[in-house]
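Here's the structure, in structure tokens; my notes come after.
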Amino acid sequence: MPQFAWAHAHETLLWADKGGSRHTFNYHLINSRNPSAQVSSVWSIPSVPRKEKLHGYHPTQKPLRLVRRAVVASSREGDLVFDPFCGSGTMGVVAKELGRFFVGSEREEGYAELAARRIGAAVRGGVLRELSGGENA
Ligand SMILES: C[S@@+](CC[C@H](N)C(=O)[O-])C[C@H]1O[C@@H](n2cnc3c(N)ncnc32)[C@H](O)[C@@H]1O
Numbered sequence: 003m004p005q006f007a008w009a010h011a012h013e014t015l016l017w018a019d020k021g022g023s024r025h026t027f028n029y030h031l032i033n034s035r036n037p038s039a040q041v042s043s044v045w046s047i048p049s050v051p052r053k054e055k056l057h058g059y060h061p062t063q064k065p066l067r068l069v070r071r072a073v074v075a076s077s078r079e080g081d082l083v084f085d086p087f088c089g090s091g092t093m094g095v096v097a098k099e100l101g102r103f104f105v106g107s108e109r110e111e112g113y114a115e116l117a118a119r120r121i122g123a124a125v126r127g128g129v130l131r132e133l134s135g136g137e138n139a
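So the sequence shown is numbered by our numbering: it starts at 3 and just counts up by one.
Have a look at this one:
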């Protein structure tokens, strides 16, 4: 039976800053393939791969690639990233991978536990990589 609706295939990212505040925009870090081209506001990123769902299910989990790009573009190592609707914890995983501090909140206990499992695994992965001198752990 055909579905008479558009297949949902995009997310809208909102970017904002407090008027007058200095914001981070690491344009050079997300523009590496062709430094002379202007970065597009449309990013083509495949949906969440199966290996990112190993710790449990969340209906609107975001791909790590998408969140990594946003965090690399708009924060620096050592910054604090806050995700008030953290769901499966994708932002927390990325924050730990990229050396940012992270605070998140999630109202559904099951999803908060899923986020904790994913973020814990990311932290352990980082420690293991350090112990093995940067090789795949
Ligand atoms: C779109 S999902 C976030 C998905 C997340 N980016 C990920 O990759 O898994 C939004 C989450 O916000 C949670 N939520 C909604 N209202 C909330 C509230 N008032 N306080 C905390 N969490 C809330 C929902 O339970 C849901 O898990």
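Think of the CB as a built atom: it goes at the ideal place given N, C-alpha and C, for glycine as much as any other residue.
Residues of its chain near residue i, where Cβ-Cβ distance is below 8 Å and the 5 sequence neighbours each way are ignored
i: Ser55; result: It should be noted that the sequence gives Lys, not Ser, for residue 55. Answer for Lys55: Gln63, listed in chain order.
Whether residue i touches residue j by CB criterion (8 Å)
i: Ser77; j: Val69; result: no
i: Val96; j: Leu116; result: no
i: Phe103; j: Met93; result: no
i: His60; j: Gly106; result: no
Extent of the continuous alpha helix (DSSP H) to which residue i belongs
i: Val50; result: Looking at the DSSP string, Val50 is not in any alpha helix (DSSP H), and its letter there is neither H nor E.
i: Ala9; result: Per DSSP, Ala9 belongs to no alpha helix (DSSP H) and is neither H nor E.
i: Arg71; result: Leu66 to Ser76
Coil, strand or helix - residue i by DSSP
i: Ala139; result: The pLDDT assigned to Ala139 is 48, lower than 50, so where the model puts this residue is not dependable; a value taken from the coordinates is nonetheless given after this. Residue state, collapsed to three classes: coil.
i: Leu82; result: strand
i: Val125; result: helix
i: Gly112; result: helix
i: Tyr29; result: helix
i: Leu100; result: coil
i: Arg120; result: helix
i: Arg131; result: helix
Residue i, enclosing beta strand (DSSP E) - first and last residue
i: Gly89; result: Element bounds for Gly89: n/a, residue is neither H nor E.
i: Val105; result: Phe103 to Gly106
Beta-carbon contacts of residue i that lie in its chain and below 6 Å, excluding the five residues immediately before and after
i: Gly58; result: Leu116
Close Cβ partners of residue i (< 7 Å) along its chain, the five nearest in sequence each way excluded
i: Ala114; result: Glu108
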